Each structure stands twice: as structure tokens, then as C-alpha cells.
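Participant:
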Amino acid sequence: MSAQKIRVIGVGTAGAGDDALGLEAASILRSRVPPTVDVTSDTTGGSNIATLCEGIDVLIIIDAVKPTPTFPPGAMLSWAYPAMRSAIDQSLCRNTHSFSVTEGLALAEQLGVLPKRVKVFGMAGENFEPASGLSATVRMRLNDLVELVLQHI
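In the numbering used here, each residue carries its 1-based index in the sequence shown increased by 887.
As C-alpha cells, this is what we get:
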């Protein structure tokens, strides 16, 4: 039996505060996963997801989540797709000029390239201002998010 082909995609926008947390998590994961796990970054907001789904068995996506009173900055969640499609779409941050993560996954599904197992990990951000780095809250919890993802690889 051959090993499963796993791809991790960190989604985000560099220099947009906590929206970069997916990119930062992917950077950390590259040195922590076996060489058989492909870790990449996507700064398109989801429009490349269908292409990145081709030829893999497991897809893991990491992205920033909008904070709410019951889901404060630094809080983490994980969702299985497509079962939790609505929750993912309502929670993940979205650039108004691009696809959302769920739109990218839906396109992959329509094209017949969606992997059998898809897991989306999110952390609530605190600051999404342009020309800023990760907030102290998110930076402090970033390794916890990486550890959570590693449990699913």
C-alpha cells in the first residue's frame, strides 16, 4: 500500500497583520514535517486551491478566522470539508477581490480533483491592518496551531 499524498496550504496575505498567519504556520511546518508532505503557501485567497488539489489524497488548509465575542483572537478551530462548508465560509477571512477558500474547494469538487480528506484549520486574528505583522496574541499561539495541524498529518 502506498503512502497517502498530503499537501498543507497556508493561506493568507503577507503584510496584512494576522491574515498572514497561514503563511507563517506553513513556514514553520516546512521544517517539522516529513519530506513526503508537501507544504505550500497561497496568497490568492483560494483561487489556486483547485490546482493545488490535483494528485493528492489529503488536503490541510490553514487560514485566519474572523474574531467574534465567543471566538476571541488566538482561539483555534478545525473543520472537515465538505461537512462543515457553511461554518468555514462564515468564519474564514476573505479578500473581496478573490475567491474564498470554500469557493476554491467547491471548484475542486466540481472538477473532480477534491481529495477524499480535507481539513481546514483556523485561528481568530486580532489585527488585519495593512503594513503590519502578526499581533502578539496570534504570534504567541502560532506554535499551538502548528502542533494541532501536526496531529492530523
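Glycine included, C-beta positions come from ideal geometry on N, C-alpha and C.
None of these values were measured; they are calculated from a predicted model.
If you check the beta carbons only, do Gly942 and Gly991 fall under 7 Å apart?
Facilitator: Their beta carbons are not under 7 Å apart, which means Gly942 does not touch Gly991 by this criterion.
Participant: When you compare the region 889–900 with the region 910–925, are there three or more beta-carbon pairs, one atom per stretch, that lie closer than 8 Å?
Facilitator: Flag = yes, the region 889–900 and the region 910–925 touch.
Participant: CA-CA distance, Asp944 and Thr931?
Facilitator: Straight-line Cα distance between these residues: approximately 22 Å.
Participant: Within the continuous alpha helix (DSSP H) that includes Val1033, where are the two ends?
Facilitator: Here the alpha helix (DSSP H) through Val1033 covers 1023–1037.
Participant: Between His984 and Leu1037, what straight-line distance do the alpha-carbon atoms span, to the nearest angstrom?
Facilitator: Any reading at His984 is ruled out, since the residue's pLDDT is 40, under 50, leaving its predicted position unreliable.
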